[in-house]
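So the structure is just underneath, and the comments pick up after that.
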Amino acid sequence: MTSKTRSTWRSVRSAVIATARQVSRTRMVVTAVAAVILVAVVVLVPLPTAVQLRDWATSLGVWFPLAFFAAHIVVTVFPFPRTAFTLAAGLLFGPALGVGIAVVASALSALLALLLVRALGWQFSKLVSHPALESVDARLRARGWQAIFSLRMIPAVPFSVLNYAAGASAVRVMPYLWATLAGLIPGTTAVVFLGDALTGNVSPLLILVSVCTAAVGIAGLVYEVRTHRRAHAE
73 MTSKTRSTWR SVRSAVIATA RQVSRTRMVV TAVAAVILVA VVVLVPLPTA
123 VQLRDWATSL GVWFPLAFFA AHIVVTVFPF PRTAFTLAAG LLFGPALGVG
173 IAVVASALSA LLALLLVRAL GWQFSKLVSH PALESVDARL RARGWQAIFS
223 LRMIPAVPFS VLNYAAGASA VRVMPYLWAT LAGLIPGTTA VVFLGDALTG
273 NVSPLLILVS VCTAAVGIAG LVYEVRTHRR AHAE
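Residue numbers for the sequence shown follow our numbering, beginning at 73 and rising by one.
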């Protein structure tokens, strides 16, 4: 390597290092400015209260609940937190309309997710062959509504994950839909009431409903698992 080549290489390396440092500094400056702007907005710009948000939703007319309903169905087919929509339903529409929108939209979203998984051919029976899995799949085909109902009653079970798992299983569509609808009502009602409570309408039954819902769901799931094990052992 000649001295001229070495000199050229050093120049290129120095330019690259200088550019990298400059980009790093630029990013730091941009990040710092963005953070300052965000803090200024939070501190200086008056945010609407929960009551103002509900008044705003009411002022938009009947089309807004319909648009919210449609968005709820479509978005929660994907792994998006359903709780955000449920809380918003209580905050924006109150207990009665909020519960109706959240429950029906969630049930339709769950049905759409199940049908989508099956349309794509992502079923256990087509992907995996194992006696234990086939046994569980047969159980879900015969009594899947009990398992679905119990799991829907447990708040910790992710909504979208259960939808996809049910779609991959052999559970029948209509029992799945009715079990989903019935299982979602208690927990969804509690979360909608929580959203409504942000406007100052605090319900003392909120915690009680949540605890009872989870307890019933866990008890039902335990019963179903024990029944399946007993039948499999025989």
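Here a beta-carbon is modelled for each residue, glycine too, at the ideal position from N, C-alpha and C.
Query, Result
"Quick test of your reading: S179 and L249, contact by CB under 8 Å. State the CB separation rounded to the nearest angstrom.", "Going by the sequence as given, residue 179 is Ala instead of Ser. A179 to L249, Cβ: 6 Å. Contact."
"Have a look at L164 and P230 and give me their C-alpha separation to the nearest angstrom.", "24 Å"
"Could you give the C-beta distance for S241 and G267, rounded to a whole number, given that I count them as a contact under 8 Å?", "Not quite, the Cβ-Cβ distance comes to about 32 Å (not below 8 Å), so this is no contact."
"Given a cut-off of 7 Å on the beta-carbon distance, is the pair R126 and T261 in contact?", "no"
"Is V175 closer than 7 Å to Y236 when the C-beta atoms are compared?", "no"
"Give me the Cβ distance between S158 and V263, rounded to the nearest whole Å; I'm assuming they're in contact under 8 Å.", "Here residue 158 turns out to be Thr, not Ser, going by the sequence shown. That pair is a contact at about 4 Å."
"Which stretch, first to last residue, makes up the alpha helix (DSSP H) that contains T271?", "Taken as a continuous stretch (DSSP letters only), T271 belongs to no alpha helix (DSSP H), as it is neither H nor E."
"By Cβ distance, which residues of its chain are closer than 7 Å to I220, with the 5 residues on each side in sequence left out?", "A238, V243, Y248, A251, T252 and G255"
"Could you check if Q218 is buried or exposed, using at least 16 other CB atoms within 10 Å of its CB as the buried criterion?", "buried"
"By alpha-carbon positions, which one of A168, A182 and T155 ends up nearest to M246?", "A182"
"Give me the residue from I257, L234, G259 and W194 with the minimum Cα distance to P151.", "L234"
"So the candidates are I173, A191, I257 and G193; which of them puts its Cα closest to the Cα of S222?", "I257"
"With C-beta atoms as the reference, is A161 less than 7 Å away from I173?", "yes"
"Would you mind giving the Cβ-Cβ distance between L184 and P137, rounded to the nearest angstrom? I have them listed as a contact below 8 Å.", "So it is not a contact: roughly 19 Å between Cβ atoms."
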